[in-house]
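Asker: Below you'll find the structure I mean.
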Amino acid sequence: MIMRLDKVNCWVAILAILIMLPSTMSAKTRVSKQAFGHTSGGTPVDLYTLEDGKIEVRIMTYGAIVVSLRTPDRNGKLDDVVLGCESVEKYEAQTAHFGGIVGRYANRIAHGAFQLDGHTYSIPKNDGENSLHGGTRGFDKMVWQGKEIPDGVELTYVSKDGEQGFPGTLTTTVRYTLSASALRIDYSATTDKATVLNLTNHSYFNLAGQGKGDILGHVLKINASRMTPVDAALIPSGELKSVEGTPFDFRKPHSVGERINADDVQLRLGRGYDHNFVLEHTGELAEAAEVYEPTAGRILRVLTTEPGLQFYTGNFLDGSITGKEGRVYNRRFALCLETQHFPDSPNHPSFPSTELKPGREFHSMTVFEFSAGSR
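Okay, so the sequence shown: first residue is 1084 according to the numbering used here, each after it adds one.
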């Protein structure tokens, strides 16, 4: 009888340990899929939800867009920290590129033209005399093919030869995975003809919560000692300029608003920060930037294998877009930290090359890591 009781107690103890394990181990990310409407052309759009026990991220197949990202503040309160829209229809109408994978060439190409292998290629001009984020209908305006993968979703888009003027049929795959409060983005691409490629995610962050005021109080650090100055059309001159002694020196943390209105020609041209920073690493995954929002205590750490980071302070948001939960997005209500190759690289041989040849595979990685606390 005593032996039977011991066995019962043993099994009770084992059961108690098994019940306690989920709270002591990292929770496996749950992935679910649901319909999210249709494009204006009738193509169905799916929405994938990733949850790791702390963070919830929703990503849709239209534009491979991060629709929402809910993360806790220092008191455990969840809030959505990325700008966006309530429906596919509204995403189609907006031109801010909220949360999308922009390409085939993220950022600007001067005069919408570049040369490659002795040929001149023309891209639609959708930013004055220049091309921006892939032309009039870039990757964030396309429907991608999605499928569930461990801890996330894989999205694939095939851009045909000549689409938006770019050479080569390009197959691009983006994998979003969520684990341990970090959203990881893996980019890969192959082509059947020499082409140029620059991919990034264009999420607009406000760590106080989307639509909850400006981001001038966010405290930012960028691991870059140089930046690429621009002309009046925001096209790089080709110079790699030291940030020493300028409002662009974020090697030590500064609030975004501390120097944004300084008497600086680059800030006047960009109407604030809208510039590429030259990161201090050589292709290995490394920290590019860190942002801290004092009121909520949220911290965003950005790691990447890319050579550049476009820091943009939402200077062209003007209150004309009503986003999620009916919130109006005014100027400087968010910031973007776009990991990338440099703007207009096809026209600057001294910049890191964005050329992709047949038989080669492009790959890069970016991680958005979230935490909360006091500084």
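Here a beta-carbon is modelled for each residue, glycine too, at the ideal position from N, C-alpha and C. Just so we're clear, the structure is a prediction, and the values are computed from it rather than from any experiment.
Per DSSP, what kind of secondary structure is Ser1106 in: helix, strand or coil?
Answerer: Summary for Ser1106: the model assigns pLDDT 38, below 50, so the residue's position carries little reliability; its value from the coordinates is reported in the next sentence. Here Ser1106 sits in helix by DSSP.
Asker: For Ser1428 and Leu1400, what's the separation of their Cα atoms in angstroms?
Answerer: Whole-angstrom Cα-Cα distance: 26 Å.
Asker: Please return the same chain residues whose Cβ sits closer than 7 Å to the Cβ of Asn1398, not counting the five positions on each side in sequence.
Answerer: Cβ within range, chain order: Gly1353, Arg1354, Gly1355, Asp1357, Arg1414, Arg1415.
Asker: Measure the alpha-carbon distance for Lys1116 versus Asn1284 and round it to whole angstroms.
Answerer: Whole-angstrom Cα-Cα distance: 21 Å.
Asker: Run the CB neighbour count on Gln1393, radius 10 Å, all protein chains shown included, and call it buried at 16 or more, exposed below.
Answerer: So Gln1393 counts as buried.
Asker: Could you pull out every unbroken beta strand (DSSP E) segment of at least 3 residues lying fully inside the stretch 1133-1211, listed in chain order?
Answerer: DSSP runs (the beta strand (DSSP E)) wholly in the stretch 1133-1211: 1139-1143, 1148-1155, 1161-1163, 1196-1199, 1202-1205.
Asker: Note down, in chain order, each residue of its chain lying with its Cβ closer than 6 Å to the Cβ of Ala1147, except the 5 sequence neighbours on either side.
Answerer: These residues qualify, in order along the chain: Ile1184, Trp1227, Leu1238, Val1257.
Asker: Using DSSP with H/G/I as helix, E/B as strand and the rest coil, what is Ile1097?
Answerer: Because the pLDDT of Ile1097 is 43, which lies under 50, any placement of that residue in the model is unreliable, and the question is left without a value.
Asker: Between which two residues does the alpha helix (DSSP H) holding Val1348 run?
Answerer: Here the alpha helix (DSSP H) through Val1348 covers 1348-1353.
Asker: With Ala1369 as the anchor, note down where its beta strand (DSSP E) starts and where it stops.
Answerer: Where Ala1369 is concerned, the enclosing beta strand (DSSP E) stretches over 1369-1375.
Asker: Just the C-alpha distance for Ala1241 and Arg1187, rounded to the nearest angstrom, thanks.
Answerer: It is worth fixing the name first, because residue 1241 is Val in this sequence and not Ala. Roughly 11 Å separates the two Cα atoms.
Asker: Where does Pro1127 sit, in a helix, a strand or coil, going by DSSP?
Answerer: Note: Pro1127 maps to strand in three-state DSSP.
Asker: Helix, strand or coil: which one does DSSP assign to Ser1214?
Answerer: Looking at Ser1214 - three-state DSSP - the assignment turns out to be strand.
Asker: For Asp1163 and Leu1152, I'd like the C-alpha separation in whole angstroms.
Answerer: Each residue's alpha carbon lies about 5 Å from the other.
Asker: Can you check DSSP and say which residues form a bridge with Arg1458?
Answerer: DSSP lists no partner for Arg1458.
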